[in-house]
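Okay, structure first, notes after.
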Amino acid sequence: MINPDDVKLRLSCLGYSATDEDSDGIDLCINDTEEYICCFCNIESVPFELYNTAVDMCCGAFLKLKSSIGELDGYNLGGALESITEGDISLSYTGSISRDVLFDELIKRLMDKDKILIGFRRLKW
Numbered sequence: 002m003i004n005p006d007d008v009k010l011r012l013s014c015l016g017y018s019a020t021d022e023d024s025d026g027i028d029l030c031i032n033d034t035e036e037y038i039c040c041f042c043n044i045e046s047v048p049f050e051l052y053n054t055a056v057d058m059c060c061g062a063f064l065k066l067k068s069s070i071g072e073l074d075g076y077n078l079g080g081a082l083e084s085i086t087e088g089d090i091s092l093s094y095t096g097s098i099s100r101d102v103l104f105d106e107l108i109k110r111l112m113d114k115d116k117i118l119i120g121f122r123r124l125k126w
């Protein structure tokens, strides 16, 4: 079972400070994530090897839930990357990326884990 404290820690790494009021929403997302993984893989419980994947999926579901009900207004994704310099190589991105595009990409990366889950699928008889 996914530990809510691990979800809160991961959310803090993503720039969201979870409060006590978020506990019910986090619990809901934990249950949904575990149910999705178990149904997708046709297994009884989330294996240890998928724990971090499950935590990421739960965080993505939670942030998406908060955004959909309009309670994520103060969430800062950080500034858009404008340039990277590594040794002799320098890359610059021109144009601006909207907050919505960045947020959608974050949610996609957190929740789109089916390629990882496929390795744990079992046949259904």
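Its first residue numbered 2, the sequence shown is counted upward by one per residue in the numbering used here.
For every residue, glycine included, the Cβ atom is placed at its ideal position computed from N, Cα and C.
Burial state of residue i, where buried means 16 or more other Cβ atoms lie within 10 Å
i, result
"Lys114", "buried"
"Thr86", "exposed"
"Thr20", "exposed"
"Arg123", "exposed"
"Ile70", "exposed"
"Lys9", "buried"
"Arg11", "buried"
"Asp23", "buried"
Own chain partners of residue i with C-beta closer than 6 Å, once the 5 adjacent residues on each side are dropped
i, result
"Gly80", "Here Gly80 scores only 48 on pLDDT, less than 50, and its place in the model should not be relied on; the value that follows carries that caveat. Answer for Gly80: no residue qualifies."
"Leu111", "Asp57, Cys60, Gly61"
"Leu73", "Lys67"
"Gly120", "none"
"Trp126", "none"
Residue i and residue j closer than 7 Å at C-beta
i, j, result
"Phe49", "Gly26", "no"
"Cys42", "Leu118", "yes"
Cβ-based neighbour list, residue i, same chain, cut-off 7 Å, excluding 5 preceding and 5 following
i, result
"Asp7", "Val56"
"Lys65", "Ile108"
Sequence-distant residues of the same chain with beta carbon closer than 8 Å to residue i, five excluded per side
i, result
"Cys39", "Glu45, Ser46, Val47"
"Pro5", "Ser24, Ile27, Asp28, Ile31"
"Ile90", "none"
Whole-number beta carbon distance between residue j and residue i, since they are thought to touch under 8 Å
i, j, result
"Thr34", "Ile3", "7 Å"
Point to revise | Within the region 49 to 77, ranges of the beta strand (DSSP E) (whole runs, at least 3 residues) | key: none
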